[in-house]
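With the working numbering as the guide, the letters of the sequence shown map in order to residues 39 to 451. Just so you know, even glycine gets a beta-carbon here, dropped at the ideal spot from N, CA and C.
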Amino acid sequence: MIKILKILVLLLIPFSLMAQQNIDRLIQGSEFDRALILIDSLLLNNQSDPALFIKKGSVLQKKFEYTKALKVFDQALQLDSANTSVINELADINTSLGNYRQALPYYKSLYSNDTLNTVNGIRLAKAYFNIRAYQEPFHILNSLYLRDSTNLYVNKQLAFSALRTGNDSLAIELYSRVIPQNPTDLNNYTNLASLYQNQNLYDQAVETLERGLLVYPEETLLLNRLGDLHYSKRIYKKAIVPYEMLLATGDSLPGVIKNLGISYYYEKEFKKGIELLETSLMLVPNDPVAGLYIGLCYKNLKDNNQSLAYLNFAAKIGIPSYMSDIYNQLGNIYTEKKAYGKSVELLKKAYQLDSTKVDILFKIANNYDLWLTKDKSQALRYYNAYLKSDKEKNDYQRQLTKYALERRQKIRK
């Protein structure tokens, strides 16, 4: 009897080996369905072999049948809970499915088994990034960096986690080192520029974006960021160049068109400003800012009727943050039309909405001064209010102050 059993075992071994070889051959030939049939036939008689489950899970994974593969790898893990290959597959399949939180424990397990393994450390850090957690990967990547500061990928990922955790100085240092090593990575330029902006280092942010444009001259993201950066600093002449290049690429974002139009307004190219701002207004019909600046362009072109039409349009749909400017400009135009009563009404609305614009007090005083030729009490009241207000120290305010003092003295006499 014992001899018979030995013979059966010896006969089964080559059969099993042949079956495994056939499975491998089928997989190599991408005959996945036939491979699965053969694996399932073996599993009918052997449900305790984790290798068969691993092979089946791998085949299902190659077929992109991830949910089925997960179940099979779970079965393999129950049979061999320490098998790192199975844990690795479960981590990767969950990630492929977007099950980032389910993948995280498997990546943690792999890393805890070997904390000196750079690959496992990077993969765990990326798993944390997938769930928008940045403090843990910062510590993991920093430990990898301390062991080897020459690894480009570790440096880049550490820079990103440093950016996200408020370690700006370290992030700037790392991105400054990574960019020359890999100058074709677009994200490095935009991230470093953002860091410089956060630190109010305007020149460095501009230089970073311009370095990126040397590599990608028509990259819309870089052109947009550079234009917005100049625009935010009110350096409109410099903002025009990247905005124009951006439009030349075919990018017609309403915000870019509007900002370019406003930039031309401040550069006193009012006709260009109107053309762009009217295009912007067609794309976003209820934009009070576009309406405001079209009105201002027409005002500077001495077309008060068109200016009033657009400023009144802006006033009707404007939001509070812009209403003060709108009423202020409407008041200025009514002053030019010598409609002083209407001008005072609008200027008072402008000042109520934004009391930091103290030059409006001067304008109200001056309108009363021009309008009410006999009773100067209201003019005196607003001249005094302007003179007592907290003003910026610039030539414009100094000129207004000088005039207000002269008029107050004459009125008192």
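Exercise for the section: Whole angstroms is fine: what's the gap from alanine 200's alpha carbon to serine 207's? Expected result: Along the sequence shown, read from residue 1 onward, the residue named residue 200 stands at position 162. Along the sequence shown, read from residue 1 onward, the residue named residue 207 stands at position 169. Alanine 200 and serine 207: Cα-Cα distance of roughly 9 Å.
Problem - Proximal residues to proline 280 (C-beta, below 7 Å), its chain only, five neighbours per side dropped - result: Counting from 1 along the sequence shown, the entry for residue 280 is found at position 242. Hits under 7 Å: Leu261, Leu264 and Gly265.
Problem - leucine 74 to lysine 93 span [Cα, whole Å] - result: Along the sequence shown, one-based indexing puts residue 74 at 36. Along the sequence shown, one-based indexing puts residue 93 at 55. Roughly 9 Å between the two C-alpha positions.
Problem - Terminal residues of the alpha helix (DSSP H) in which serine 381 lies - result: The count along the sequence shown starts at 1 and reaches residue 381 at position 343. Start and end: 378-391.
Handout entry: alanine 442 to asparagine 366 span [Cα, whole Å]
Key = Here residue 442 is taken as the residue at index 404 of the sequence shown, counted from 1. Here residue 366 is taken as the residue at index 328 of the sequence shown, counted from 1. Taking the straight line from one Cα to the other gives about 19 Å.
Exercise for the section: Whole angstroms is fine: what's the gap from glycine 439's alpha carbon to serine 427's? Expected result: Position 401 of the sequence shown holds residue 439. Position 389 of the sequence shown holds residue 427. In the sequence on display, residue 439 carries threonine and not glycine. Looking at the two C-alpha atoms, the distance is approximately 10 Å.
Exercise for the section: Assuming tyrosine 406 and leucine 399 form a contact by the criterion Cβ under 8 Å, report the distance between their Cβ atoms to the nearest whole angstrom. Expected result: On the sequence shown, residue 406 is found 368 positions in, with the first residue counted as 1. On the sequence shown, residue 399 is found 361 positions in, with the first residue counted as 1. At roughly 11 Å, the Cβ-Cβ gap does not stay under 8 Å, so tyrosine 406 and leucine 399 are not in contact.
Problem - Cβ-based neighbour list, lysine 380, same chain, cut-off 6 Å, excluding 5 preceding and 5 following - result: Taking the first residue of the sequence shown as position 1, residue 380 is located at position 342. So the qualifying residues of the chain are Tyr372.
Practice task
Pull up the distance between the alpha-carbon of leucine 252 and that of proline 221, whole angstroms please.
Solution key: For the purposes of this step, residue 252 is taken as residue 214 along the sequence shown, with counting starting at 1. For the purposes of this step, residue 221 is taken as residue 183 along the sequence shown, with counting starting at 1. Taking the straight line from one Cα to the other gives about 10 Å.
Exercise for the section: List in chain order: all unbroken alpha helix (DSSP H) runs of 4+ residues lying wholly within the stretch 215-293. Expected result: 224-236, 240-253, 258-270 and 274-286
Exercise for the section: Under 7 Å Cβ to Cβ from tyrosine 378, same chain only, skipping five residues before and after it: list those, please. Expected result: As a position in the sequence shown, residue 378 is number 340, starting the count at 1. The residues are Asn405, Leu408 and Trp409.
Practice task
Tell whether a beta-carbon distance below 8 Å holds between isoleucine 332 and isoleucine 300.
Solution key: Position 294 of the sequence shown, counting from 1, holds the residue named residue 332. Position 262 of the sequence shown, counting from 1, holds the residue named residue 300. Their beta carbons are not under 8 Å apart, which means isoleucine 332 does not touch isoleucine 300 by this criterion.
Handout entry: Alpha-carbon spacing of asparagine 83 relative to leucine 90, whole angstroms
Key = Residue numbering aside, residue 83 sits at position 45 when the sequence shown is read from its first letter. Residue numbering aside, residue 90 sits at position 52 when the sequence shown is read from its first letter. Rounded to the nearest angstrom, the two C-alpha atoms are 11 Å apart.
Practice task
Give the secondary structure of glutamine 471 by DSSP, where H, G and I count as helix, E and B as strand, and everything else as coil.
Solution key: With the chain running from 39 to 451 in the structure shown, residue 471 is simply not present.
Problem - Contacting residues, own chain, Cβ-Cβ under 8 Å from glutamine 242 (five flanking each side not counted) - result: Position 204 of the sequence shown, counted from the first residue, corresponds to residue 242. Hits under 8 Å: Tyr234.
Exercise for the section: Give every residue of the same chain whose Cβ lies closer than 7 Å to the Cβ of phenylalanine 70, excluding the five residues on either side of it in the sequence, and list them in chain order. Expected result: As a first step, residue 70 is located in the sequence shown; it is residue number 32 there, counting from the start. The residues are Val97, Lys100 and Lys101.
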